[in-house]
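Residue numbering for the sequence shown follows UniProt numbering, beginning at 1 and increasing consecutively.
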Amino acid sequence: MPSILRSFAVDLVELNMKDLYIKSKDGWCRQDKENEMQDKASRYLVTFHGEIPVGMVHFQFVEEETATDRDAQVAYCFEIQVISEYRRRGIGEYLIKLLEMIGKATKMEKVMLTVFKANKDAIKFYIERLDYQYDEISPCVYLSRTQAAGFDYEILSKALSRRTLRDSH
1 MPSILRSFAV DLVELNMKDL YIKSKDGWCR QDKENEMQDK ASRYLVTFHG
51 EIPVGMVHFQ FVEEETATDR DAQVAYCFEI QVISEYRRRG IGEYLIKLLE
101 MIGKATKMEK VMLTVFKANK DAIKFYIERL DYQYDEISPC VYLSRTQAAG
151 FDYEILSKAL SRRTLRDSH
């Protein structure tokens with residue numbers, strides 16, 4: 001990704017999420033976020049208004065643990081961010097749906113993401129608007145209520161339909 005867009009992405013995460021990160025257990029470190037976002041496995045979708053970038057998704061294709069012994073092939077959304085003036089216009093939904101389409105096209109089993117418990121609007125957006133659910137490895141699913149309370153995040157996911165042999169005829 002061009003360095004100007006990489007800077008846009010990191011700046012947008014910092015602008016939108018720094019306060020939530022600071023309140024989280026791990027805190028905020030811009031250098032750590034830059035390193036994460038420069039990982040060779042990282043992929044991006046960036047949306048523009050004219051020539052101005054206004055939103056982005058940072059994701060990777062990964063093998064993710066499951067509640068069983070088997071790993072799942074996943075499109076993992078690390079960040080989805082939209083400039084504040086462009087929120088509530090369908091851009092975030094559009095970006096996630098593009099990620100889901102890419103996940104299906106690359107035969108991923110699901111899209112996963114991590115969300116801070118304190119980010120109630122994001123949780124509502126994913127669950128109520130986009131039909132995501134708490135993943136089987138989310139703390140609130142696999143731990144006791146007391147244990148899960150020690151985590152400041154949850155993991156959400158959405159299964160991606162797979163074409164069967166019957167569907168291709």
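From the three backbone atoms N, C-alpha and C, an ideal C-beta is built for every residue, glycine too.
Restricting attention to Cys140, Ser161, Val10, Gln133, the CA atom closest to the CA of Val46 is found in Val10. Judged by beta-carbon spacing, Glu109 lies within the 8 Å limit of Gln73, meaning their Cβ atoms are closer than that value. Three or more Cβ pairs closer than 8 Å define a contact, and the segment 13-27 falls short of that threshold against the segment 91-102. For Gly92, the enclosing alpha helix (DSSP H) has its first and last residue at 91-105.
Per the coordinates, the alpha-carbon of Arg87 lies some 15 Å from the alpha-carbon of Glu79. DSSP places Met37 inside the alpha helix (DSSP H), whose first and last residues are 30-37. By the neighbour-count criterion, in which 16 or more other beta carbons inside 10 Å mark a residue as buried, Lys33 falls on the buried side. Contact between the segment 50-59 and the segment 139-154 is absent, with fewer than three C-beta pairs closer than 8 Å. Listed in chain order, the non-local C-beta contacts of Gly103 below 7 Å within the same chain comprise Ala75, Val111, Leu160, local neighbours out to five positions each way being set aside.
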